[in-house]
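Notes for the one structure printed next.
Chains as they are written, first to last, in the working numbering: chain A, 7 to 388; chain B, 10 to 170.
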């Protein structure tokens with residue numbers, strides 16, 4: 007029996023371990039105790055000591071106060087809905103990174119929705135485009151986001167295109183997160199909401215792949231349904247619709263045919279090098295370009311499968327010299343969310359301390375974020 | 010009166026008062042007179058939110074002189090039985106709001122027959138948890154805001170900068 011037992015709620019511990027996918031043995035290892043002891047904590051027959059408690063808090067990554075609640079917290083709707091992601095080759099549970107980041111996205115959405123309701127900054131609703139073909143929906147979505155192929159060509163690089171598309175989505179009131187979901191994690195997910203819709207893409211994927219995922223998640227937003235997108239082009243009808251939507255959104259038929267005709271004449275797109283040429287023009291991934299070639303019947307048979315087998319959509323995810331906390335926060339959570347919090351604090355709707363909590367930054371880092379946001383506003387106005 | 014201060018109050022002094030240094034000096038005296046304290050979780054929260062800045066420097070400097078360093082866990086459990094919404098269930102890993110522990114310390118000291126008053130700037134409604142002022146009302150613990158505290162304590166003219 008420990009000298010100072012900590013009277014945690016065993017039901018909460020049991021819940022937290024299940025949420026984290028950690029069993030008695032793993033937690034015992036971390037807490038330097040036995041699996042039998044951990045089982046005792048979960049059933050309430052014994053209680054952890056202070057040191058053991060601090061170790062389990064650290065391992066399970068929930069605030070320590072949670073373990074004194076009278077009952078476990080409610081699971082977020084998205085975590086519950088996405089718990090067994092569809093479309094994988096084999097059924098799997100959410101990995102730790104996915105769970106954590108879905109929770110992050112849900113929190114961002116909850117806080118943003120609340121702030122917008124109180125500051126009166128509700129965005130125009132996103133169009134409801136279910137019932138339309140992917141091509142019809144893509145055309146309407148491009149108008150809604152004021153997205154033109156000329157801007158895409160002139161952007162100069164995939165990262166510039168991705169940044170521009172992110173900006174357009176955020177200008178229309180949705181939040182775009184770039185989260186470290188790991189190479190084992192999903193491509194992205196979206197959380198539908200009238201006031202604070204959220205798109206998240208995996209920063210472990212290459213920028214062109216992320217760009218395509220962003221367009222794919224736009225598809226889910228205009229269908230007004232939440233989604234967790236694990237794999238490309240799986241058996242799910244909605245996923246296939248969004249895949250086609252994304253391809254058409256980024257590579258409209260008229261412009262795509264015109265370019266392929268100009269580049270290759272009457273010849274079929276033959277190999278991965280041809281696909282690379284097209285991908286570079288539209289600043290999309292190889293897989294996306296090959297998918298579009300196949301959609302429009304412009305390539306040799308089997309070209310998509312050949313590209314799919316060779317193309318690597320997982321990579322370093324881009325490189326940045328600036329990995330300070332303010333830079334990372336803005337890169338991962340977006341300017342729009344940071345601005346929403348800062349404006350709510352300026353309006354007195356949120357306290358200054360709450361702004362730090364909701365951006366997960368220190369006071370000094372928050373000042374840096376405000377400076378960066380102001381600089382960004384100035385540069386875009388100019 | 011024994012004051013229990015929260016993180017928001019200390020950050021408001023640090024950032025909102027031109028006489029912050031004088032305020033912290035006055036509060037140091039109160040700590041040493043056993044008239045002011047705060048739980049360890051406030052120091053941890055300041056480590057996250059005010060690293061290297063005045064509020065954290067002050068809190069660490071006086072930490073060893075506090076008459077009470079935090080409530081027993083069973084008191085925290087009792088407080089959260091009454092006010093579960095004081096916990097931010099959505100808080101991210103490694104974020105530990107100190108509010109539940111400030112409330113628990115106040116409740117414990119109150120049960121030990123001290124005349125207790127929580128000093129807090131955590132007074133606004135928020136999307137993910139109850140504010141500390143509301144929790145104090147529900148726990149029947151007196152609370153005041155920083156300005157009133159500084160006037161009561163008598164080492165400031167009480168006007169926020």
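Where is the CB? At the ideal position from N, CA and C, for every residue including glycine. If you're wondering where the values come from, they're calculated on a predicted model, not measured in any experiment.
Close CB contacts of residue 26 of chain A within its chain, under the 6 Å cut and outside five residues either way in sequence, are with 66 (chain order). In this structure, the beta-carbon distance from residue 196 of chain A to residue 223 of chain A falls below 7 Å. Burial state of residue 136 of chain B is buried, judged by a 10 Å Cβ sphere holding 16 or more other Cβ atoms. Those residues of the region 105-123 of chain B placed with their C-beta closer than 8 Å to a C-beta in chain A are 105, 106, 109, 110, ordered along the chain. Contact residues of the region 31-51 of chain B toward chain A are absent (C-beta to C-beta distance below 7 Å). Beta-bridge analysis with DSSP links residue 37 of chain A to no other residue.
Residue environment analysis places residue 231 of chain A among the exposed positions, since fewer than 16 neighbouring C-beta atoms fall within 10 angstroms of its C-beta. In the assembly as shown, residue 359 of chain A is a buried residue. Its beta-carbon has 16 or more other beta-carbons within 10 Å. In the displayed model, residue 111 of chain B falls within a helix according to three-state DSSP.
Not a single CB atom of chain A sits nearer than 7 Å to the CB of residue 129 of chain B. Residue 73 of chain B places its beta carbon 7 Å or farther from that of residue 49 of chain B.
Close partners of residue 362 of chain A in chain B (Cβ separation under 7 Å): 58. Cβ-Cβ distances below 8 Å link residue 122 of chain A to 128, 129, 201, 202, 346 in the same chain, with the five nearest sequence neighbours on each side left out; the list follows chain order. Counting only Cβ-Cβ distances below 7 Å, residue 120 of chain A has contacts in chain B at 136, in chain order.
Counting only the Cα atoms, residue 53 of chain B lies some 28 Å from residue 30 of chain A. Boundaries of the alpha helix (DSSP H) harbouring residue 301 of chain A: 292-301, taken from the DSSP string. Along the region 327-354 of chain A, there is no position whose C-beta sits under 7 Å from a C-beta of chain B. Short of 7 Å from the beta carbon of residue 140 of chain B, and not among the five residues preceding or following it, lie these beta carbons of its own chain, in chain order: 131, 132, 133, 134. Here residue 14 of chain B is bridged, per DSSP, to B/128. In this structure the region 327-334 of chain A does not lie against the region 265-285 of chain A, because fewer than three pairs of beta carbons, one per stretch, are closer than 8 Å.
Between residue 164 of chain B and residue 35 of chain B, the CB-CB gap stays under 7 Å. Counting only runs of 3+ residues, the beta strand (DSSP E) found wholly inside the region 141-168 of chain B occupies 151-153, in chain order.
Listed along chain A are 13, each with a C-beta nearer than 7 Å to that of residue 83 of chain B. Looking at the DSSP output, residue 233 of chain A shares a beta bridge with A/196.
In this structure, the straight-line span from the alpha carbon of residue 157 of chain A to that of residue 290 of chain A is close to 14 Å. Residue contact with chain A for residue 144 of chain B: absent (no Cβ-Cβ distance below 7 Å to any residue of chain A). When only Cα atoms are considered, residue 59 of chain A and residue 37 of chain A end up about 8 Å apart. Using a 10 angstroms sphere on the CB of residue 267 of chain A, the tally of other CB atoms stays under 16, which defines it as exposed.
DSSP places residue 251 of chain A in the uninterrupted alpha helix (DSSP H) bounded by 243-256.
With a threshold of 7 Å between beta carbons, residue 89 of chain B makes contact with chain A. A Cβ-Cβ distance of about 11 Å is found for the pair residue 150 of chain B and residue 128 of chain B, leaving them out of contact under the 8 Å criterion.
Assigned with DSSP and collapsed to three states, residue 32 of chain B falls in helix. Within the region 73-86 of chain A, 74, 75, 76, 79 place their CB atoms closer than 7 Å to a CB of chain B, listed in sequence order. Residue 46 of chain A and residue 124 of chain A have their alpha carbons spaced roughly 46 Å apart.
Classified as buried, residue 21 of chain B has 16 or more neighbouring CB atoms from the shown chains inside 10 Å of its CB.
Boundaries cannot be given for residue 189 of chain A, as no alpha helix (DSSP H) includes it and DSSP labels it neither H nor E.
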